[in-house]
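According to UniProt numbering, the sequence shown is numbered sequentially starting from 1.
Notes to accompany the following structure.
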Amino acid sequence: MEEKSPTITRKRLDYDGKLILAPMVRIGTLPMRLLALDYGADIVYTEELIDRKLLRSIRRENDVLGTTDFIDKTDGTVVFRTCPREREHVVLQIGTSDPARAAAVARMVEKDVAGIDVNMGCPKKFSMLGGMGAALLSEPQKATEILRKLVETVGTPITCKIRVLPDLEGTLRLCSTLAASGIAAIAVHGRTTDERPQHPNRNHVIKRIAEHLSIPVIANGGSKDIQRHSDILRFKEETNCSSIMLARAAEWNCSVFRKEGPLPMEDVIKSYLKHAVDCDNSPSNTKYCVQNILRELQDSPLGRKFLDAQTLEQICDIWDMGDYCRFKSKEFRDKGLLGRFQVTPLTLHAETRDGRTSQKRKIYEEDVFVMRCAFLRGSYMTDSELPKTRLLKWTKENRKKMPTYDTRREDKLFCSVVTVDVFNKGKWKKRKDDYDEYNDEDSIDSNEADGVPDAAKNDVEKQDESAIEDEFGAKDYRSQMILKLDCASRPLWVAPNGHIFLESFSPVYKHAHDFLIAISEPVCRPEHIHEYKLTAYSLYAAVSVGLQTQDIIEYLKRLSKTSIPDGIIEFIKLCTLSYGKVKLVLKHNKYFIESPFPEVLQKLLKDPVIQECRLRKIVEDTEADDIVTNVQAKIKAPQFGAKAAVGVTACCTVRKRALILCNSGVSVEQWKQQFKMWSTADDSMICRFTSEAKDKPMGCGILITTYSMITHTQKRSWEAEQTMRWLQEQEWGIMVLDEVHTIPAKMFRRVLTIVQSHCKLGLTATLLREDDKIADLNFLIGPKLYEANWLELQKRGFIARVQCAEVWCPMTPEFYREYLGCKMSKKLLLYVMNPNKFRCCQYLIRYHERRGDKTIVFSDNVFALKHYAIKMNKPYIYGPTSQNERIQILQNFKFNMKVNTIFVSKVADTSFDLPEANVLIQISSHGGSRRQEAQRLGRILRAKKGAIAEEYNAFFYTLVSQDTMEMNYSRKRQRFLVNQGYAYKVITKLAGMDEIIRKAGTMTSMSGADDAVYYEYKKAASSSTANKHPLFKKFRT
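Structure below.
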């Protein structure tokens, strides 16, 4: 007789018209789920829990907390905690790749949850490498098997959460396949596996899925545009889905579920902390969740105080809940709560029950002792308690080499073999029970020499691994650097990591400075001590200007207060002896390899790539005197016209056809003027090739153009095409690349393959990029030959003496309240349009105009630029401003005494020659760009006529909205100038600004961009009272 399968009683969870808290790693713990239910969520998902971890847990009722806990048998920590209040609302999400394991987990938890969800959308590597998460999207058969097995095993409603596929048809087919397995609903995130939150959510695809399926569809991924309940309803309408699932919007402010509107951040944090205390949540998880609520406010005084907190009690103290936390903690202890460890942890391996047991085996032909042990992250309250942190601290204190980790992965566990040190057999204690209590002095192998760094990696920092480092990062080299008897008369130190420190007050400073500039890279140059660093490329540059290996070493020994470490000497030899043996020479538009070393040429001839490029027909060189050796280099100088003078001088010295590459049309005009000023070249010898000026190139000796004109890939006009063909056919004697830091960009680097030149010279005042491509210049152009010291030039009167100041502008209460609750794009606008920042800007402009100063106001935000300028009746320049209008405004600024202030966007960051300007005010900048900060300072660095060297004659102001992310950006921007020796003065209040009468504006006067509005307004303001500057009308008619 055939046996019937048992009938499964089906639970029901309604997925129509629901608001759902999405599954989020480390966020979806019990306190956050309860908070979401408080604020109106109907269903709450847990964070993803891995099937293997749940299967090695046991279920236990926690009578003290009134919760049900699933506890890991291996370490005693809580894997999953739930409570009766959420039992009819909570859906447990599992990460799985196996139907059998998934079914086993479902049977464990079905009595404690309202539903079970399978994660099929997580794009994280740790999930996909295990065949879980989004990896299941590419295996629909396995995904269907898992879902069908779950539906057949338990009566709890089964759902899955997926991401859309790149094509709509494939997505619809996948959804139909999954729905056929019998699941109750499907949640769809509107981005693909490769897309991230900054990409738009594909609401139209979710809508098509909802129309295509008969089961409820839950829309997810719209958090970017959701800030209140009305936004949720709009998202539901756009996707036509049954329910809405919120992730980041709820993570940032869980009260977004409230129909009445979101609550202030402080109220949300207090409510969350109460649940965290009641649930005995771990301090690390609590801190993580609060961090995500604070977001950019972590940089505020309140945020910094919070980040210093380590325990749950300390966190609660910040929001005046410390007494409640201490009361509940005492209550839990009195009732016998076991804390984080609910059971006695089991050992992972039977052979490790005795903590001192060890075994002996061969590794790298050495006898070493191996002891197995397990460390689980949940067992440690703070990062400072982690075994890895303690081991690192111990190795530094005992002068050991840094530990090395050989890690392999076993499912969700990471297994490492940690090598701390290698000892000789005789240096171990013979008794096993105290084998780890060895003598520190005996354990140090004094015969081991410092390794010579690999020059190709440009890294000499590996040499100082044996130096002791304290908690602040300072290293003790006294054991490696022997102080000389006459050290007081010598100006510098050379550290084992390649860093050199120079006393700027030494009598021989000038000689030492010139030498270090030739062989090393400047790192930081404050007033008294300068820091330099030896790199492979800096030593290549030294050889290229004629310095010999032995000369470099001997002169360093002569100048150094201490002995030179052997590793540094080897590094110098390794870099300098191999450089300059081969040269590339351009002849007949072809590159030839030349070398005075026959053995090097023979070695190169064996290279298969070079063999293919060999010239079979030898052409006699009848113009040897006209050939210029292929020389490439970069020169870094402050932005006060020195770059142009260097470029013109180089072109005149080479006396060959010159190509000048700039980054804008304005720069092209200025280079032309510089050539006419500093050389005998006239208009007939200079050719311009820009979008607006295309001079005939035939017969010219100097061609000035832009990077974009050379790298343009679209169709050109017939005239431009002919000029480009002529340009490519030429053998340029010298190519001067202005603002050379832009060359590593993908498009601009194409210039070097389009145009051939004997010599390349790169010029820039800011050899900086915020990406990692700045090092590419070393092989694209060549090593840096020279970098000027800004403060030294300032002292000698060659550039202006600048006072740098950061002005803190408090946010108005109305603006700050809106700032805390809005999306990122509107935050940027709010802190730029801060009314107090406008008042500070207006005050500074009026103050300096009364002094007779010339002021430039910079704003990256075009809306703010136009608004500030129009309100103050000042002319402004930005992208769409025509070339003629730009020149007209600049000429009036230079020579018209009535035009003392202009507003400019980032188009003026480079190539704007305004020597008359001596005041610069920044109201908006490009994030934390150090390069932009230095370039803008360069606009006012020209030496001022009749100025006294000891007094400030130029002023650089950065206006920053207080307690916003702008303060963090400002600190990052200042790093380069601080390293050059400049100091920023922080101004919290401008004396006299309160005396300025504040005029009432209109509601519309501060609106117009992303619906941002200034809330302090009076409707009766009359536009007829606005003062219109006659000069402004001239520029904007």
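We put the beta carbon where it would ideally sit given N, CA and C, even for glycine.
Quantities reported herein were computed from a predicted structural model and do not represent experimental measurements.
For residue i, count neighbouring Cβ atoms within 10 angstroms of its own Cβ and tell me buried if that reaches 16, exposed if not.
| i | result |
| --- | --- |
| Lys672 | buried |
| Glu594 | exposed |
| Leu307 | exposed |
| Trp808 | buried |
| Phe895 | exposed |
| Gly76 | buried |
| Gln974 | buried |
| Asn201 | buried |
| residue 1044 | As displayed, the chain neither begins before 1 nor continues past 1037, which places residue 1044 out of reach and without an answer. |
| Trp790 | buried |
| residue 1042 | Because the chain in this structure spans residues 1 to 1037, residue 1042 falls outside the shown range and cannot be described. |
| Asp117 | buried |
| Pro813 | exposed |
| Asn220 | buried |
| Phe257 | buried |
| Glu260 | exposed |
| Pro31 | buried |
| Leu727 | buried |
What three-state label does DSSP hand residue i in the structure shown?
| i | result |
| --- | --- |
| Cys575 | helix |
| Met840 | In the sequence under discussion, the amino acid at residue 840 is Cys, which differs from the Met named in the question. Three-state DSSP puts Cys840 in a helix. |
| Pro522 | strand |
| Phe675 | helix |
| Ala745 | coil |
| Met245 | strand |
| Asp621 | Unreliable placement is indicated for Asp621, whose pLDDT of 44 sits below 50; the coordinate value is still reported in the next sentence. If DSSP states are grouped into helix, strand and coil, Asp621 belongs with coil. |
| Phe80 | strand |
| Lys11 | coil |
| Trp808 | strand |
| Leu92 | strand |
| Lys587 | strand |
| Phe815 | helix |
| Ser504 | coil |
Going by the beta-carbon positions, is the gap between residue i and residue j smaller than 7 Å?
| i | j | result |
| --- | --- | --- |
| Leu165 | Ile94 | no |
| Leu21 | Tyr45 | yes |
| Leu147 | Ser181 | yes |
| Phe976 | Ala908 | no |
| Leu941 | Ala800 | yes |
| Cys841 | Ile923 | yes |
| Thr239 | Ile218 | no |
| Val904 | Ile921 | no |
| residue 1042 | Val494 | This structure cannot speak to residue 1042, because the chain is shown only from 1 to 1037. |
| Leu485 | Leu492 | no |
| Leu337 | Val64 | yes |
| Val919 | Asp860 | no |
| Ala106 | Val154 | yes |
| Leu586 | Glu731 | yes |
| Leu92 | Val113 | yes |
| Gly701 | Leu737 | no |
| His528 | Ser504 | yes |
| residue 1039 | Ala185 | Residue 1039 falls outside the range modelled here, since the chain spans only 1 to 1037, and no answer is possible. |
For residue i and residue j, which I take to be in contact (beta-carbon distance under 8 Å), what is that distance rounded to the nearest angstrom?
| i | j | result |
| --- | --- | --- |
| His511 | Glu531 | That pair is no contact at about 18 Å. |
| Leu559 | Arg490 | 6 Å |
| Ala134 | Thr193 | 4 Å |
| Lys874 | Ile902 | 6 Å |
| Leu768 | Arg930 | 5 Å |
| Tyr786 | Ile517 | 6 Å |
Measure from the C-beta of residue i to each C-beta in chain C and report whether the shortest distance is under 7 Å.
| i | result |
| --- | --- |
| Gly261 | Absent from the structure: chain C. Only one protein chain is present. |
Does the region 702-721 touch the region 685-693, meaning 3 or more C-beta pairs lie closer than 8 Å?
yes
Indicate whether the contact test is met: 3 or more Cβ pairs, each with one atom in the region 310-318 and one in the region 980-993, closer than 8 Å.
no
Quick test of the definition: if touching needs 3 or more C-beta pairs under 8 Å, does the region 711-727 touch the region 676-684?
no
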